[in-house]
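Scroll down for the structure; my scribbles are underneath it.
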Amino acid sequence: MADDARWTLIATGIDELRERRPFKEGQTAPARLFSDDHARVMHLALDEGAELGEHMTPSPVIVQVLEGRVRFDVGGESHGLGPGGMVHVAGSVPHAVTAVGACRILVFMLDPQSHTHE
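Be aware that the sequence shown starts at -9, since it is given in our numbering, and climbs by one per residue.
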């Protein structure tokens, strides 16, 4: 990973992510791709049926599906997301993810203090 104080090359493409984090049968395989004082990016390879049970994060998150399909449960609703699908969840809001088939997702954990408007 190339970086200096002003920028960071996190990944060159999906093939690199596949190589760095292969699927594990029946499991979720997480990998931290980036972290600094303002954000964290996680890559998760979820095998078919793998679940991230209902949970909350203290800060807002954006979840993006890279490949495959997931069921994303939030606010009493269930949403099917495919490649390119994205959802934003505010901090302290319960949500859950279930892999409909083997899939890859990115989770962007944001620092709400660094994104204030004046």
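The C-beta atom is built at its ideal place from N, Cα and C for all residues, glycine as well.
Taking a contact to mean a Cβ-Cβ separation below 8 Å, would you say residue i touches residue j in this structure?
| i | j | result |
| --- | --- | --- |
| I111 | H78 | The question about residue 111 has no answer, for the chain in this structure spans -9 to 108. |
| A21 | R10 | yes |
| A(-5) | A19 | no |
| G43 | A86 | yes |
| D27 | D101 | yes |
| A89 | D37 | yes |
Can you find the residues in the same chain that come closer than 7 Å, C-beta to C-beta, to residue i, ignoring five residues on each side of it along the sequence?
| i | result |
| --- | --- |
| P73 | V55, L56, E57 |
Locate the alpha helix (DSSP H) running through residue i, then write down its first and last residues.
| i | result |
| --- | --- |
| I4 | 4 to 10 |
With DSSP as the reference, identify every bridge partner of residue i, one or two as the case may be.
| i | result |
| --- | --- |
| M76 | Q54 |
| M32 | R22, V97 |
| R61 | G70, T88 |
Taking the beta strand (DSSP E) that residue i falls in, what are its first and last residues?
| i | result |
| --- | --- |
| F98 | 93 to 100 |
| P20 | 18 to 25 |
| F13 | Counting along the chain, F13 falls outside any beta strand (DSSP E), and DSSP gives it neither H nor E. |
| E41 | 41 to 45 |
Spatial neighbours of residue i within its chain, please: CB distance less than 6 Å, with the 5 preceding and 5 following residues excluded, ordered by chain position.
| i | result |
| --- | --- |
| M46 | S82, P84 |
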